[in-house]
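Trainee: Take this structure first; my questions come after.
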């Protein structure tokens, strides 16, 4: 069994993962030693220190060891195909393989070639299912039931696997998802709202990181311009519901997609809770896939 | 006790290591927790993600922690001598030290300076004993007794520590080793066969990786030329014994020393079995050197 | 509770840490499993392989896992503030956070932002408290009581956090500390001795590493000149007490601040003992901060 996409998860699996993650988030002793002696290969073809550390911490809290492969600095770059690398890593017998890769479908390709569970930690612009699960956990911790809750996701929708996975998951939990961003960064098949329309009355606003490295388009923006037009400022947040909360998958570009003022509102920001829940969610995923629960 | 070269291993030690490695390969639970609380310093002065991960996985399956030093990205590069680094690492008290280094004799030099077992994970063009042991395990799993088996090792014999260690080990197990490769890459003291002579009737063909980074010579070959003259194609494999098997230490240069067609012959290729046996063999070595068995 | 500076440690805490470190140095089985299931985030914003490995080894010997963040090769470089990174790492729930950073006060800043103990593994030119503790352990192992012992610390006093932490710690244990170095590398508020005055009759000579990367000044020295004027040669060591010992925090620049002859005097050098005590000292610190002893 793998975790490749939100759509491949049953409603029961989602409920079980969120319930177990909630336990891990509440109790630092939960799960201790559960995966003792197991190993998780943490394979990052794109640099992402925070996600790699989150998986390593999740593995360690369960008693497993994460063995991290940073492909940026590895000999794997030297021309071996992803398929050959995957078969090789799989033959070493890890208990799970976590993969981040710039290519859409990479995790699915690898899953077909190895005997162990594969966890998609982000594949190109496609999916990032553990991020959506941790966001769902964060929102349900805060709101309880998500039925009827309005969640605005703002930014580069076109390239965001975070947006894609959340747009697949949150409606299944009853939430209304609204997507908005710069017109050039909205896919053709998405109904475009203006930023202000998306935020109006929203219960939660999830800002996406501006990832210029992933864009073919030049935004052509002057310094400060993105924030003015598409970023979350205090003025814009005032359009949302009175106690609306703010999420961000991190790392934040302060002064670009989020103003300092909003980033530092402790009463409204769930951003650090997301980070903590990231570890808890990945523990739940590793336990389910490796221990079979 | 160290593992520095094949020649320093007694026949009894070889037999014990192969027998124990076979158990580890067959049973994922074998050895679990055997080295709990122990640490292995995994010191790679040359980039080799797959060998470093293989040792880390071997350590982890025994319950030990591997602490990896990638010298490429480390402050160790800044002028400290190998001897000073070795004494320093040894003083930190690891239970074993795995060393890969571009310099012939590096592991032997380090072994004289530290109090813990040293495992040579490849020193220059000299030896790579765990690779030869895992190749021997792979061949004996497949053939049983190796007496009279003809093993062709093909490629850059001059620079290959894999060839050197295998040429030292396999004859001690009864096999006939035949070496062949481009004339400029055959040492003077080796009886040169043509590629086709070496493969004719062979029970196993072990292709070496073309490592242009290790060569002073320019092969001067056009694209595809190496494969035509010295690579393993289906035509050339047809010269071998009817059920001859194919080995490669990895990573493969597809279309250079091995054709796609041969690389993807599951019925004949033992290449992934070699990878799996690499972990099992390194477990046996670590257990013997650290736990004294 | 954190370990940010020597001055923040009580005399009782110093005595307890040194006593426990001495036990860890003497008995490889001491503390085994003491921090099982715990994780230590090993965050190095400056490259320091040896200190990072020392903390990792200390964590592992206690049964904890160190998860190392090498910021040099990480996405953390891409513009996130130290405060945001610190809050993020803290939210992942490590049991301790080890920080090396080029900025004075970095560890103190981080300690105010996270819920776990923070260990200063060197902040700019300010403090490196575990180095001073391991030096104190090394000296007390050798001399017993330090009262009245004369310790010369020689080199770039201005930029050396090692000197600063030792100058704060050793006098509290009764030692007389003498500081000397090139005039341009002595802070204005320090009473300058000549090198020879500082070494005359000293019981121990601690040489500092010349760290040209940390200097704004150009020393303007020809090859060999530093050694002649400010380095520890056999002639200069002869000015010290008859059985004076030599320390160095490593890695040594042979032929710069220390001559080969002196570096290789086993009867006088405590340099490798310092390395071994580094692991023992960091075990004591981790145990005290994480297990609350």
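Residue numbers (my numbering), protein chains in the order written: chain A, 396 to 688; chain V, 396 to 688; chain Y, 396 to 688.
We put the CB at the ideal spot given by N, CA and C, even for glycine.
Quantities reported herein were computed from a predicted structural model and do not represent experimental measurements.
Using a cut-off of 7 Å between C-beta atoms, extract the partners of residue 458(A) located in chain V.
Mentor: Simply none; closest approach about 10 Å.
Trainee: Is there a Cβ of chain Y sitting closer than 8 Å to that of residue 415(V), yes or no?
Mentor: No, its Cβ sits nowhere closer than 8 Å to a Cβ of chain Y.
Trainee: With contact counted as at least three CB pairs below 8 Å, one residue from each stretch, are the region 527–537 of chain Y and the region 667–678 of chain Y in contact?
Mentor: yes
Trainee: According to the neighbour-count rule (16 or more other Cβ atoms, all chains shown, within 10 Å of its Cβ), is residue 452(A) buried or exposed?
Mentor: buried
Trainee: Could you tell me which chain V residues have their CB closer than 8 Å to the CB of residue 423(Y), listed as they occur along the chain?
Mentor: Here the neighbours are 488.
Trainee: Just how far apart, CA to CA, sit residue 523(V) and residue 663(V)?
Mentor: 25 Å
Trainee: Run down chain A in chain order and give the residues with a C-beta less than 9 Å from the C-beta of residue 667(V).
Mentor: 482, 483, 485 and 486
Trainee: State the Cα-Cα distance for the pair residue 657(V) and residue 634(V), rounded to the nearest angstrom.
Mentor: 13 Å
Trainee: Along chain V, in chain order, which residues have C-beta atoms closer than 7 Å to that of residue 479(A)?
Mentor: 646 and 647
Trainee: Please confirm if the region 507–526 of chain A is in contact with the region 546–561 of chain A, defined as three or more CB-CB distances below 8 Å between the two stretches.
Mentor: The region 507–526 of chain A, when compared against the region 546–561 of chain A, does touch it at the 8 Å Cβ threshold.
Trainee: Would you kindly check if the distance between the Cβ of residue 511(Y) and the Cβ of residue 494(Y) is under 8 Å?
Mentor: No, they are not a contact pair.
Trainee: From what residue to what residue does the beta strand (DSSP E) around residue 463(Y) run?
Mentor: 460–465
Trainee: To the nearest angstrom, report how far apart residue 503(V) and residue 686(V) are at their CA atoms.
Mentor: 21 Å
Trainee: Which value, in whole angstroms, describes the spacing of the CA atoms of residue 373(Y) and residue 636(Y)?
Mentor: Absent from the model: residue 373(Y). The displayed extent of chain Y is 396 to 688, so no value can be given.
Trainee: Residue 606(V) versus chain A: which residues are under 8 Å apart at the beta carbon?
Mentor: Below the 8 Å Cβ cutoff, chain A contributes no neighbours of residue 606(V), its closest Cβ being approximately 10 Å away.
Trainee: Please go through the same chain and pick out, in chain order, the residues whose beta-carbon is closer than 7 Å to the beta-carbon of residue 458(A), but skip the five residues on each side of it.
Mentor: Excluding positions up to five away in sequence, the list reads 427, 428, 429, 430 and 431.
Trainee: Can you pull the chain V neighbours of residue 428(Y), defined as C-beta to C-beta under 9 Å?
Mentor: 431 and 432
Trainee: Return the chain-ordered list of same chain residues with a C-beta closer than 6 Å to the C-beta of residue 446(V), the five sequence neighbours on each side being excluded.
Mentor: 516
Trainee: Since residue 336(A) contacts residue 588(A) with CB under 8 Å, what's their CB separation in whole angstroms?
Mentor: Here chain A covers residues 396 to 688 and nothing more, so residue 336(A) does not appear.
Trainee: Give the straight-line distance between the Cα atoms of residue 444(V) and residue 507(V), rounded to the nearest whole angstrom.
Mentor: 26 Å
Trainee: Please tell me whether residue 654(V) has its Cβ less than 8 Å away from any Cβ of chain A.
Mentor: Using beta-carbon distances, residue 654(V) does not count as an interface residue toward chain A, since no partner is under 8 Å.
Trainee: Does chain Y have any CB closer than 8 Å to the CB of residue 556(A)?
Mentor: no
Trainee: How many angstroms separate the CA atom of residue 545(Y) from the CA atom of residue 455(A)?
Mentor: 46 Å
Trainee: Locate the beta strand (DSSP E) running through residue 571(V), then write down its first and last residues.
Mentor: Its beta strand (DSSP E) spans residues 571–575.
Trainee: Secondary structure at residue 522(V), three-state DSSP: helix, strand or coil?
Mentor: DSSP, reduced to helix, strand and coil, places residue 522(V) within a strand of the structure shown.
Trainee: How close, in whole Å, do the beta carbons of residue 411(V) and residue 419(V) come, if the pair is a contact with beta carbons under 8 Å?
Mentor: Their Cβ separation, rounded to whole angstroms, is 13 Å, which puts residue 411(V) and residue 419(V) out of contact at 8 Å.
Trainee: DSSP three-state call for residue 657(A): helix, strand or coil?
Mentor: helix
Trainee: Comparing alpha-carbon positions, which option in 641(A), 433(A) and 630(A) lies nearest residue 600(A)?
Mentor: 641(A)
Trainee: Closer than 8 Å, Cβ to any Cβ of chain A: which residues of the region 440–457 of chain V, in chain order?
Mentor: For the region 440–457 of chain V, which is checked against every Cβ of chain A, the residues closer than 8 Å are 442, 443, 444, 445, 448, 449, 451, 452, 455 and 456.
Trainee: List the residues of chain V that residue 684(A) touches, going by C-beta distances under 8 Å, in chain order.
Mentor: Result: empty, since nearest Cβ-Cβ is about 16 Å, beyond 8 Å.
Trainee: Start and end of the beta strand (DSSP E) containing residue 495(V)?
Mentor: 491–496
Trainee: Strictly below 8 Å CB to CB, what residues from chain V border residue 671(Y)?
Mentor: Residue 671(Y) reaches chain V at 486, 487 and 488, counting residues in chain order whose Cβ is nearer than 8 Å.
Trainee: Pull up the distance between the alpha-carbon of residue 689(V) and that of residue 638(V), whole angstroms please.
Mentor: Outside the modelled stretch of chain V, which goes from 396 to 688, sits residue 689(V), for which no answer is possible.
Trainee: According to the Cβ coordinates, are residue 646(Y) and residue 591(V) closer than 8 Å?
Mentor: Contact flag unset, no.
Trainee: What are the start and end residues of the beta strand (DSSP E) that includes residue 600(A)?
Mentor: Where residue 600(A) is concerned, the enclosing beta strand (DSSP E) stretches over 599–602.
Trainee: Would you mind sorting residue 414(Y) into buried or exposed? The rule is 16 or more other CB atoms within 10 Å of its CB.
Mentor: That one is exposed.
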